[in-house]
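These notes are about the structure you will find just below.
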Amino acid sequence: MQTGLIHIYHGDGKGKTTAAVGLAVRAAGAGLEVCFAQFMKTGTSSELKILQTIENIELVAVKNSYGFTWKMTPDEKAHLKEVNDKELDRLIKAVQEGRYQLVILDELLSAYQNELIDKEKVITLINMAKQYKTELVLTGRNPAQELLDQADYITEMACVRHPYEKGVHARPGIEY
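Just remember that my numbering sits 1204 ahead of the position in the sequence shown, which is counted from 1.
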C-alpha cells in the first residue's frame, strides 16, 4: 500500500460498524493483513463470528462489561480505560512493526469522547498509521474535531428513520 489514510465513519445512523466490516472483508480478500479491534461493546455482536473465520483478519474485542457509560462508576471507568489503553499500546507497536495494512477501531470515537482511552495515544496511533502506511478506520458517534482534522475520509451515517421509533428492538443479524 502506498499511503496510510485515516477514515472516520460516524453519525447517529445505522451502518458504521457494518461499513467497517465490509472494508475489512474487502481488504482481506485483497490479501491485506487486517486488525479489527472493537471497543465499548460486549464482544457478542454477530459480525465478530464471521470475522473470526477469515484467515488474515485478527479480531480483538475489548469488552465493555459495565454497560452504558453514564451508569459506570469511576472505578469501572478507570478499569475500562486501562484495558483500552493496553490495546492501544499493542496496536501502536504492531503498526510500527508493519504487522497490518488495515486497522479498524470500531467504536473508538465513543471511548475517546467519554475519556475511556488515552487521547494522546490515539493521536500517536494516527500518526504512526500515516508514517507506516497503515490504513486506519475509526467508527462511532460524535467525533472530536481534532480527529476529524486528521481524517482523509469522513463518512456520516444519518438516521432518517429507524424501526426503534415504532418499538422494534434491536435484532440479531440486523442491528447486532
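C-beta: ideal position from N, C-alpha, C; glycine also. As the structure is a computational prediction, the values presented were derived from the model and not from experiment.
Cβ-based burial, residue i [other Cβ within 10 Å; buried from 16]
{"i": "C1239", "result": "buried"}
{"i": "Y1357", "result": "exposed"}
{"i": "A1282", "result": "exposed"}
{"i": "E1369", "result": "exposed"}
{"i": "V1364", "result": "exposed"}
{"i": "I1330", "result": "buried"}
CB of residue i within 7 Å of CB of residue j, strictly
{"i": "M1361", "j": "K1220", "result": "yes"}
{"i": "N1288", "j": "L1320", "result": "yes"}
{"i": "V1299", "j": "A1348", "result": "no"}
{"i": "I1261", "j": "A1228", "result": "yes"}
{"i": "L1309", "j": "A1355", "result": "no"}
{"i": "Y1270", "j": "E1280", "result": "yes"}
{"i": "L1312", "j": "L1342", "result": "yes"}
{"i": "K1325", "j": "L1295", "result": "no"}
{"i": "V1266", "j": "F1243", "result": "yes"}
{"i": "S1250", "j": "G1377", "result": "yes"}
{"i": "E1237", "j": "Y1304", "result": "yes"}
{"i": "T1248", "j": "N1318", "result": "no"}
Anticipated Cβ contact below 8 Å, residue i with residue j, distance rounded
{"i": "K1337", "j": "G1233", "result": "20 Å between Cβ atoms; not a contact."}
{"i": "I1212", "j": "L1352", "result": "7 Å"}
{"i": "I1210", "j": "L1340", "result": "5 Å"}
{"i": "H1366", "j": "K1218", "result": "7 Å"}
{"i": "T1359", "j": "A1224", "result": "At roughly 10 Å, the Cβ-Cβ gap does not stay under 8 Å, so T1359 and A1224 are not in contact."}
Helix, strand or coil at residue i according to DSSP, with G and I counted as helix
{"i": "H1214", "result": "strand"}
{"i": "L1320", "result": "coil"}
{"i": "Y1304", "result": "coil"}
{"i": "K1267", "result": "strand"}
{"i": "E1280", "result": "helix"}
{"i": "L1329", "result": "helix"}
{"i": "T1343", "result": "strand"}
{"i": "I1296", "result": "helix"}
{"i": "Y1357", "result": "strand"}
{"i": "L1309", "result": "strand"}
{"i": "I1378", "result": "coil"}
{"i": "E1259", "result": "coil"}
{"i": "T1207", "result": "coil"}
{"i": "T1248", "result": "coil"}
{"i": "T1338", "result": "coil"}
N- and C-terminal bounds of the alpha helix (DSSP H) containing residue i
{"i": "Y1316", "result": "L1312 to Q1317"}
{"i": "E1369", "result": "E1369 -> no alpha helix (DSSP H), and no H or E assigned at all."}
Delimiting residues of the beta strand (DSSP E) encompassing residue i
{"i": "M1244", "result": "V1238 to K1245"}
{"i": "T1221", "result": "Taken as a continuous stretch (DSSP letters only), T1221 belongs to no beta strand (DSSP E), being part of the alpha helix (DSSP H) at K1220 to G1233."}
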